[in-house]
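>
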Amino acid sequence: GTDKIHVGSIGTPEDSEETLIARFFELIETHTPQLVSWNGGGFDLPVLHYRALIYGISAARYWDMGEGDFGDSRDFKWNNYISRYHARHCDLMDLLALYQSRACVPLDDMAKLCGFPGKLGMDGSKVWAAYQQGELAQIRHYCETDAANTYLMYLRFNLLRGFLDADEYEQEIRCLKGYLSTQQAAHWQEFLSAWGRSV
550 GTDKIHVGSI GTPEDSEETL IARFFELIET HTPQLVSWNG GGFDLPVLHY
600 RALIYGISAA RYWDMGEGDF GDSRDFKWNN YISRYHARHC DLMDLLALYQ
650 SRACVPLDDM AKLCGFPGKL GMDGSKVWAA YQQGELAQIR HYCETDAANT
700 YLMYLRFNLL RGFLDADEYE QEIRCLKGYL STQQAAHWQE FLSAWGRSV
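Be aware that the sequence shown starts at 550, since it is given in our numbering, and climbs by one per residue.
(1) What residues match up with residue 639 in a beta bridge as DSSP calls it?
(2) Between the C-alpha atoms of residue 554 and residue 701, what's the straight-line distance to the nearest angstrom?
(3) Excluding the 5 residues flanking residue 627 on each side, which residues of the same chain have their C-beta closer than 8 Å to its C-beta?
(4) In this structure, how does DSSP classify residue 577 when only helix, strand and coil are distinguished?
(5) Assign residue 556 to one of three DSSP states: helix, strand, or coil.
(6) According to DSSP, is residue 676 helix, strand or coil?
(7) Considering only the alpha carbon of each residue, which of 719, 591, 570 and 711 lies closest to residue 644?
(8) In the structure shown, what three-state DSSP assignment does residue 694 receive?
(9) Using C-beta distances below 7 Å, list every residue in its chain close to residue 630, excluding the 5 sequence neighbours before and after it, in chain order.
(10) Are three or more beta carbon pairs between the region 682 to 689 and the region 569 to 583 nearer than 8 Å?
(11) Would you identify the three-state DSSP class for residue 596, choosing helix, strand or coil?
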């Protein structure tokens, strides 16, 4: 059912950067999720590392590489968030390019080639200007649709590697579409409209 899907931004536009970054690492501490990104190892996570370092934020679970105090820390020696070839963080762009930077494809291009909406009017190069204009809501909406595109690419990757069969894949796609169709926000309506045109 659609109850297992939620797409949203951490915190509120009024929260400080420090609060948002701390909340990100708290979610990892609490849930030990799998992280899935498109170039997250090349950009997003290093930015979070440096900013967390500046703020003095504790992120013991995230940084565990087998020496932590958690009950399952020994498992993190073989599967952690930090090592490039481990699965707790799956950087789809890096993995699909077989770790060759010359073979990397932007998310927008790959999503559209697969029939997904891709970027909707904003891309990473426009975020700083939008931030300077105080357009935090638009940035959050852009990030949410980017997350949805990344999730769609992850579903397609799981079809590629046999973790989902064709019926399971279609069910997951329908599940996401069903969830998004219940969302009233304009960016989700635009996303669904673009998805409809891309098929």
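Ideal placement from N, C-alpha and C gives every residue a C-beta, glycine not left out.
Predicted model, so just to flag it, every value in this text is computed and none were measured.
The relevant details are as follows:
(1) Indexing the sequence shown from 1 puts residue 639 at position 90. In DSSP, residue 639 forms a bridge with 585.
(2) Walking along the sequence shown from the start, residue 554 turns up at place 5. Walking along the sequence shown from the start, residue 701 turns up at place 152. In a straight line, the C-alpha of residue 554 is about 12 Å away from that of residue 701.
(3) For the purposes of this step, residue 627 is taken as residue 78 along the sequence shown, with counting starting at 1. Close CB contacts of residue 627 within its chain, under the 8 Å cut and outside five residues either way in sequence, are with 615 and 635 (chain order).
(4) Along the sequence shown, read from residue 1 onward, the residue named residue 577 stands at position 28. In the structure shown, residue 577 sits in a helix (DSSP, three-state: H, G or I).
(5) Within the sequence shown, the letter at position 7 stands for residue 556. Of the three classes helix, strand and coil, the one that applies to residue 556 here is coil, per DSSP.
(6) On the sequence shown, position 127 is the one that residue 676 refers to. It is helical.
(7) For the purposes of this step, residue 644 is taken as the residue at position 95 of the sequence shown. Of the listed residues, the one whose Cα sits closest to residue 644 is 591.
(8) Your numbering for residue 694 matches position 145 in the sequence shown. In this structure, residue 694 counts as helix in the three-state DSSP scheme.
(9) Counting from 1 along the sequence shown, the entry for residue 630 is found at position 81. Counting only Cβ-Cβ distances below 7 Å, and skipping sequence neighbours, we find 584, 611, 637 and 638.
(10) no
(11) Against the sequence shown, residue 596 aligns to sequence position 47. Reduced to three states, the DSSP call for residue 596 is helix.
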